[in-house]
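Sequence positions in the sequence shown follow this note's numbering and run 18 to 168.
Each residue gets a CB set at the ideal place from its N, CA and C atoms; glycine is no exception.
Here the structure is laid out as structure tokens; the discussion comes afterwards.
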Amino acid sequence: MSLVLLTLCRFVLLHVAVALAEPDTPSICRPFGECEPCPPDALHEPFCQPFGNRRLMHCSPNRTITSTLHPYPTFTPSLMPIQGETPAWQSCGRIVARERADFYEFLACNLLFAAVALSIALVRSRTVEARQAHRLAARIGLVRSPMIDAR
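Take a look at the structure:
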């Protein structure tokens, strides 16, 4: 818990330090890793909304560097990232593997409930059928039972 909080604080401090050092420099962020569920203490953060998942991003300040050796360059100036990436979080959609597992769990629970309900209905119908057959046999005199159920 404290390790996650310490890591999160470090990310925020690094991001703020880079933003204060170069406020006009845009940054380029690249995804780093897969979407993962947010921990319970970070669910209120904007990067955990709306699905409760986040992805680690590596952001680096960006500057356009043009070639001064050739007055008419034959290539497009490249965007060279400066060393010192800042980790940040990005909100991401649903995690497909987790959603698939939840779906199959839902399906299995529904099949279990349906099997239990059908077995109860089958046992009940057989019991009612046996009771009715016993009553009919008692009425026509095939079974001599001292107790005839009048239900």
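When C-alpha distances from residue 53 are compared across 74, 45, 46, the shortest belongs to 74. DSSP places residue 143 inside the alpha helix (DSSP H), whose first and last residues are 113–157.
In the pairwise beta carbon analysis, the segment 56–72 is classified as touching the segment 106–113: at least three pairs are separated by under 8 Å. Classified as buried, residue 105 has 16 or more neighbouring CB atoms from the shown chains inside 10 Å of its CB. Around the CB of residue 102, 16 or more other CB atoms lie within 10 Å, so the residue is classed as buried. By DSSP's assignment, residue 105 forms a beta bridge with 74.
DSSP, read as helix, strand or coil, puts residue 46 in strand. Under DSSP, residue 54 shares a beta bridge with 70. Taking the CA atoms as reference points, residue 122 sits about 21 Å from residue 136.
When the five nearest sequence neighbours on each side are left out, the beta carbons in the same chain lying within less than 6 Å of the beta carbon of residue 76 are those of 44, 46, 103, 105, in order along the chain. About 11 Å separates the beta carbon of residue 145 from that of residue 151, a gap too long to meet the 8 Å contact definition.
In the assembly as shown, residue 126 is an exposed residue. Its beta-carbon has fewer than 16 other beta-carbons within 10 Å.
The Cβ atoms of residue 48 and residue 107 lie closer than 9 Å to each other.
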